[in-house]
DNA sequence: CTAGATGCAAATTATTTGCGTCTGA
DNA sequence: TCAGACGCAAATAATTTGCATCTAG
């Protein structure tokens, strides 16, 4: 419902230096305007997979001098530059994540809508092998698992709708 | 690629009985109107992954008494009923495929935009194992490979844009 | 006969863009 | 200085929906 702030809880997969993305932008020779710096910061601080609307909200909270059009433009630019990766976890809106923390995959908890990241060398190799078997050179690939917590109690079908709409309550 | 049925012909991945989908609809107790029958037939005959607009075009060619709104509604209904699977191969539009020919994955040729289907038991098992390792019961998963024909000549960047737009020249 | 299906056009949603103004390098 | 970035509002594009009218069962 409201994923604005990151909970001060444990698990945080990562939450490094708030200037990572800005640095990457500069490396690629991008003109750093106030709003780009702002959006870069929001992205650097994100530990989830926010959509544009959410990025806009977070940016606004820090500095009101941004428009959602700029967020769209920036996110698109950064994707072209390879700094961001766009995902479609269902729900119509594109969701973004910085590419600077390694290749990994996603497991979506169909009950809570949470997105869990994981890496798997074996899969990496298998994808490569399959592509070769089919006569192709692998350029990219994506793997998404949809699962339900094992052992745990009954599934809340109420939350199912959140997943449909693509929220990421993480 | 497809070992299920024994079609008399060679190449075509499959192009079975033009009433498969209609039969499935009836099985699930759907009211069979003229347009549903029509759309079901188009779907039964499709050997690719058409988007709504394309389905609409094919249906129109057979019988002009359909509206695109109905195609949208039908495709959505059949997806809910598990008869169709919706894919997002990039390009903004959703693309559909009947689910009645087994679980398989897709390799998208980034140059031609062609979608190649393949199955892989090893990967199937791996996905299962990964989910378990993370403490989940696997509900579903998807794997998409993006590749470029090996050995073959230089890539046509002109066709690249087709892929971006999600076409399936297959 | 009637619940549900359809067509049409208007409404939504997500995203892009034209254009005059502002600003970082 | 000035190419490129921004804000705003209007434009697209894909998909959904309200409503009056048909139609399968």
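Residue numbers (my numbering), protein chains in the order written: chain W, 265 to 434; chain G, 265 to 434. Ideal placement from N, C-alpha and C gives every residue a C-beta, glycine not left out.
Contact with chain W by residue i, beta-carbon distance below 8 Å
i: residue 326 of chain G; result: no
i: residue 385 of chain G; result: no
i: residue 406 of chain G; result: yes
i: residue 418 of chain G; result: Confidence in residue 418 of chain G is poor, its pLDDT being 44 and thus under 50, which makes the residue's placement too unreliable to answer from.
Chain W contact residues for residue i, given Cβ-Cβ distances below 7 Å
i: residue 362 of chain G; result: Result: empty, since nearest Cβ-Cβ is about 19 Å, beyond 7 Å.
i: residue 352 of chain G; result: 352
i: residue 374 of chain G; result: 403
i: residue 456 of chain G; result: Coverage of chain G is limited to positions 265 through 434, which leaves residue 456 of chain G absent and any answer about it impossible.
Nearest residue (CA-CA) to residue i, options the options
i: residue 337 of chain W; options: W:354, W:317, W:353, W:328; result: W:317
i: residue 330 of chain G; options: G:301, G:344, G:342, G:346; result: G:301
i: residue 384 of chain G; options: G:393, G:375, G:396, G:367; result: G:367
i: residue 358 of chain G; options: G:315, G:299, G:282, G:373; result: G:315
i: residue 400 of chain G; options: W:380, W:294, W:386; result: W:380
i: residue 341 of chain W; options: W:296, W:388, W:377, W:282; result: W:296
i: residue 343 of chain W; options: W:328, W:396, W:292; result: W:292
i: residue 327 of chain W; options: W:299, W:414, W:290; result: W:299
i: residue 346 of chain G; options: G:294, G:324, G:355; result: G:294
i: residue 376 of chain W; options: W:356, W:392, W:332, W:414; result: W:414
i: residue 378 of chain G; options: G:365, G:396, G:354; result: G:354
Three-state class that DSSP yields for residue i in the structure shown
i: residue 424 of chain W; result: Low confidence applies here, because residue 424 of chain W scores a pLDDT of 37, under 50, leaving its location unreliable and the question unanswered by this model.
i: residue 298 of chain G; result: helix
i: residue 307 of chain G; result: helix
i: residue 335 of chain G; result: helix
i: residue 374 of chain W; result: coil
i: residue 387 of chain W; result: helix
i: residue 325 of chain G; result: helix
i: residue 403 of chain G; result: strand
i: residue 398 of chain G; result: coil
i: residue 379 of chain G; result: strand
i: residue 412 of chain W; result: strand
i: residue 362 of chain W; result: strand
i: residue 340 of chain W; result: helix
i: residue 284 of chain W; result: helix
Beta-carbon neighbours of residue i, restricted to chain G and to distances below 9 Å
i: residue 315 of chain W; result: Result: empty, since nearest Cβ-Cβ is about 15 Å, beyond 9 Å.
Contact set between residue i and chain W, taken where Cβ atoms lie within less than 8 Å
i: residue 339 of chain G; result: By Cβ distance, chain W contributes nothing, its closest Cβ being about 15 Å from residue 339 of chain G, past 8 Å.
Rounded Cβ spacing between residue i and residue j (contact assumed at less than 8 Å)
i: residue 405 of chain G; j: residue 382 of chain W; result: Their Cβ separation, rounded to whole angstroms, is 12 Å, which puts residue 405 of chain G and residue 382 of chain W out of contact at 8 Å.
i: residue 390 of chain W; j: residue 398 of chain G; result: Between residue 398 of chain G and residue 390 of chain W the Cβ distance is about 18 Å, and since that is not below 8 Å, they are no contact.
i: residue 348 of chain G; j: residue 363 of chain G; result: 6 Å
i: residue 286 of chain W; j: residue 304 of chain W; result: 4 Å
i: residue 322 of chain W; j: residue 306 of chain W; result: 5 Å
i: residue 369 of chain G; j: residue 313 of chain G; result: Between residue 313 of chain G and residue 369 of chain G the Cβ distance is about 13 Å, and since that is not below 8 Å, they are no contact.
i: residue 394 of chain W; j: residue 412 of chain G; result: Not really, about 14 Å apart at Cβ, beyond 8 Å.
i: residue 308 of chain W; j: residue 352 of chain W; result: Not a contact, Cβ separation roughly 23 Å.
i: residue 288 of chain W; j: residue 407 of chain G; result: About 29 Å; that fails the 8 Å criterion.
i: residue 319 of chain W; j: residue 339 of chain W; result: 7 Å
Contact list for residue i against chain G, beta-carbon separation under 7 Å
i: residue 248 of chain W; result: This structure leaves residue 248 of chain W out entirely; chain W is present only between 265 and 434.
Chain G within 8 Å of residue i, Cβ atoms only
i: residue 379 of chain W; result: no
i: residue 395 of chain W; result: yes
i: residue 281 of chain W; result: no
Contact set between residue i and chain G, taken where Cβ atoms lie within less than 8 Å
i: residue 401 of chain W; result: 411, 412, 413, 414
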